[in-house]
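Here the structure comes first, spelled out in structure tokens, and everything after it is commentary.
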Amino acid sequence: MKNLLAFDMGASNGRAILGQLENGKLTMRELHRFENNYVEMNGVYYWDFPYLFNQLKLGLLAFKQADVGDLDCVGIDTWGVDYGLLDKNGHLLGNPRAYRYAVDADITETEKVVDFPTLFRRTGIANLNFNTVYQLYRRKRQGDVALENAQKLLMLPDLLGYFLTGEMKSEYTNVTTSMLYNPTTKDWDWETIRTLNIPEHIFTEIDIAGTLRGKLRPELAQELGINQASFAAVGTHDTASAVAAIPGAGSFAFCSSGTWSLFGVETDQPILSNDVRDANFSNEGTIQGGFRPLKNIMGLWLIQECRRDWIKAGQKLSWDEIVREAQKAEPLRSIIDPDYAEFFAGGNMVQKIQNFCQKTNQPIPVTVGEIARCIYESLALKYRWALERLEEIKGQDIDALNIVGGGIQNKLLNQMVADSINRPVITGPVEGAAIGNLLSQAMALGEIKDITELRQVVRNSETVETYTPNHTAPWDSAYQRMLIF
4 MKNLLAFDMG ASNGRAILGQ LENGKLTMRE LHRFENNYVE MNGVYYWDFP YLFNQLKLGL
64 LAFKQADVGD LDCVGIDTWG VDYGLLDKNG HLLGNPRAYR YAVDADITET EKVVDFPTLF
124 RRTGIANLNF NTVYQLYRRK RQGDVALENA QKLLMLPDLL GYFLTGEMKS EYTNVTTSML
184 YNPTTKDWDW ETIRTLNIPE HIFTEIDIAG TLRGKLRPEL AQELGINQAS FAAVGTHDTA
244 SAVAAIPGAG SFAFCSSGTW SLFGVETDQP ILSNDVRDAN FSNEGTIQGG FRPLKNIMGL
304 WLIQECRRDW IKAGQKLSWD EIVREAQKAE PLRSIIDPDY AEFFAGGNMV QKIQNFCQKT
364 NQPIPVTVGE IARCIYESLA LKYRWALERL EEIKGQDIDA LNIVGGGIQN KLLNQMVADS
424 INRPVITGPV EGAAIGNLLS QAMALGEIKD ITELRQVVRN SETVETYTPN HTAPWDSAYQ
484 RMLIF
């Protein structure tokens, strides 16, 4: 039996999860959980990196306290695009900036030098203002001292891994989110890097999921009283790990449901057509070295932000209570576009949704149930839009949708999605990113051969639930309303 430890970190929380692989079956146990939020200082949003690194230590201590023997391997996955800078001594040049700091002006200024069609042709990545390339060019334009003094750049999971191991490498799946990777040359997009005058020397060697990357630093192992476990490059982009853990077969689309909804399909090669570009889809990497043409949809962030508003107003609602209120509300009364630009920034989300409905001459949702139902139904309709675009892109019908991640715990939303897309929805596993992380570690240790065997382990280990569609004319009518926004 192998003892594996996955650090699965999202933009709102993180966990340390013990995975034990034995006889082709994975069992899991959460050992440590922590909150994660960006911090605003002088108008800039940062991640609290020392806090996050300390949570890794606490997770390793939790493994020691579990008393299950030696630790065989560790892996880390996080969200994409964010990074940290290191100086010539390998020290951190300030806390990493958070992608919520991004603004559309970052795109506008970059396009004065290299336009989006060119960037898409080189990288296959959608035009999103938080892409790493736009973040870096903003710092370049501002004469940022940290960038000027940086010797290395590491994406966030690789940065955390560096402080665990001392190894500086960049894992493929997270690198592809940066809009600085060229899927044709299979290397950093040096042409864009040079055109924008971003220092070339800061970019490190790229490795792939399922490979070993050193061991825990001896002084760290000694401090924590644990063995010097191996460290593996996993699908460090949480969506890549989550998609790896999908047990589906045949022609299916996937949705990794959390703060963001990442909606797409798997392909061996990137799809760099104008249709993909114009629909603002990305070609992000898979753990097997292929691609995920997908759409970033502003997912449960919308309801997360509304809940923060309600809590500030004195309504301490649980997620189950919010769903129950939504069930009581009138169906398909008000619809929003989840990707409306005003929804990207945090704060006053309830008011922003009400303003959108007023602007589009719809009934204004007021109660918790009305607002929650508006969000859930709008997400379900946006999924239909994304699925139809994917069928056009692939030139092939999609038979079912597999949803993974924490969002599948909302059974009301799952049924709404099935009703909206008029196809079966298969949900599970809920811990998709953690499972993909753990089984990539097993691959690095030689316990699993490839993605086919990895998914067989998932089928051996996890149960899924199927939602049968009940598609009605009101869903079609609501969809037509959304298309005109």
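In the numbering used here, the protein residues as written are 4 to 488.
The C-beta atom is built at its ideal place from N, Cα and C for all residues, glycine as well.
If you're wondering where the values come from, they're calculated on a predicted model, not measured in any experiment.
Spatial distance of residue i from residue j (CA atoms)
i: N177; j: E380; result: 30 angstroms
i: N277; j: Y184; result: 19 angstroms
i: R36; j: W82; result: 17 angstroms
i: V77; j: A332; result: 45 angstroms
i: R141; j: Q399; result: 40 angstroms
i: L393; j: T430; result: 19 angstroms
i: M182; j: D70; result: 43 angstroms
i: W388; j: T111; result: 27 angstroms
i: F66; j: G228; result: 11 angstroms
i: G349; j: E308; result: 7 angstroms
i: G293; j: L457; result: 16 angstroms
i: I401; j: K385; result: 16 angstroms
i: L7; j: A445; result: 8 angstroms
i: Q58; j: M12; result: 10 angstroms
i: L275; j: Q68; result: 49 angstroms
i: K189; j: F255; result: 26 angstroms
i: Q418; j: V467; result: 14 angstroms
i: N98; j: F52; result: 6 angstroms
i: F206; j: L156; result: 6 angstroms
i: G17; j: Q412; result: 17 angstroms
i: D479; j: K60; result: 51 angstroms
i: G172; j: T113; result: The sequence as given places Lys at residue 172; Gly does not occur at that position. Computed Cα separation, rounded: 27 angstroms.
i: E203; j: G146; result: 16 angstroms
i: F1; j: R144; result: Outside the displayed range of the chain (4 to 488) lies residue 1, so it cannot be described from this structure.
i: T198; j: N92; result: 28 angstroms
i: L88; j: A153; result: 6 angstroms
i: S264; j: N45; result: 30 angstroms
i: Y175; j: Q365; result: 44 angstroms
i: E33; j: V371; result: 31 angstroms
i: N39; j: R103; result: 14 angstroms
i: G22; j: Q354; result: 42 angstroms
i: D342; j: Y41; result: 21 angstroms
Residue i versus the options, residue with shortest Cα-Cα distance
i: L64; options: G93, L24, L95 and A19; result: A19
i: P250; options: N473, E434, E33 and D11; result: E434
i: A481; options: F133, D210, R336 and G372; result: R336
i: R280; options: A236, N45, L415 and P296; result: P296
i: H474; options: I487, V420 and E468; result: V420
i: V84; options: A232, P160, A236 and T214; result: P160
i: N440; options: G317, M352, F119 and V246; result: V246
i: A436; options: W191, A243, V47 and I201; result: A243
i: A383; options: V428, I211, G97 and G317; result: V428
i: M115; options: G17, N286, Y137 and D51; result: Sequence check: residue 115 is Lys here, not Met. Nearest C-alpha to K115: Y137.
i: I300; options: W313, T270, R310 and F266; result: F266
i: D271; options: P120, A282 and T289; result: T289
i: T363; options: A108, L150, N425 and M485; result: M485
i: P472; options: S423, P432 and V369; result: S423
i: D80; options: F359, Q483, L442 and P477; result: L442
i: F56; options: W313, L95, G253 and A212; result: L95
i: Y86; options: N39, N45, D107 and L150; result: L150
i: P432; options: L416, F359 and G410; result: G410
i: R124; options: R103, E174 and D192; result: D192
i: N283; options: E38, N132 and M44; result: N132
i: K414; options: T370, Q361, E324 and P341; result: E324
i: I454; options: G72, A212 and E33; result: A212
i: K2; options: E33, I209, P341 and P273; result: The first residue shown for the chain is 4 and the last is 488, placing residue 2 beyond what the model contains.
i: V47; options: T30, V106, A235 and A248; result: V106
i: L490; options: N200, M158 and T469; result: With the chain represented from 4 up to 488, any question about residue 490 goes unanswered, as that position is not in the structure.
Supposed close pair residue i, residue j - CB separation, criterion 8 angstroms
i: T195; j: L122; result: 7 angstroms
i: A101; j: Y49; result: 6 angstroms
i: G127; j: P186; result: 5 angstroms
i: I339; j: I367; result: I339 to I367, Cβ: 11 angstroms. No contact.
i: M352; j: F346; result: 7 angstroms
Test: residue i CB closer than 8 angstroms to a CB of chain E
i: R387; result: Here there is only one protein chain, and chain E is not present.
* Asked: At a cut of 8 angstroms, does the stretch 255-266 reach the stretch 403-412 through at least three beta carbon pairs?
  -> The stretch 255-266 is in contact with the stretch 403-412.
* To do: Check whether the stretch 216-225 touches the stretch 159-168, taking contact to mean three or more Cβ pairs, one atom from each stretch, closer than 8 angstroms.
  => Flag = yes, the stretch 216-225 and the stretch 159-168 touch.
* **Length-filtered (3 minimum) beta strand (DSSP E) runs lying within the stretch 265-312** => Qualifying beta strand (DSSP E) stretches, in chain order: 285-288 and 294-300.
* To do: Determine, using beta-carbon pairs with one atom in the stretch 454-472 and one in the stretch 21-35, whether at least three such pairs fall under 8 angstroms.
  => Enough Cβ pairs lie closer than 8 angstroms, so yes.
* To do: Taking only runs that begin and end inside the stretch 402-442, name each unbroken alpha helix (DSSP H) of 4 or more residues, in chain order.
  => Fully enclosed alpha helix (DSSP H) runs of 4 or longer: 414-424.
* Should the stretch 437-457 be called in touch with the stretch 304-314, which here means at least 3 C-beta pairs below 8 angstroms? -> No, the stretch 437-457 does not touch the stretch 304-314.
* To do: Would you check if the stretch 364-375 and the stretch 311-330 touch, i.e. whether three or more CB-CB distances between them fall below 8 angstroms?
  => Yes, they touch.
* Report the residue ranges of all beta strand (DSSP E) runs contained in full by the stretch 163-251; include only those spanning at least 3 residues, in chain order. => Unbroken beta strand (DSSP E) runs of no fewer than 3 residues, entirely contained in the stretch 163-251, are found at 214-218 and 233-236, following chain order.
* **3 or more residues per run - each beta strand (DSSP E) lying fully within the stretch 102-143** => Within the stretch 102-143, no complete beta strand (DSSP E) run reaches 3 residues.
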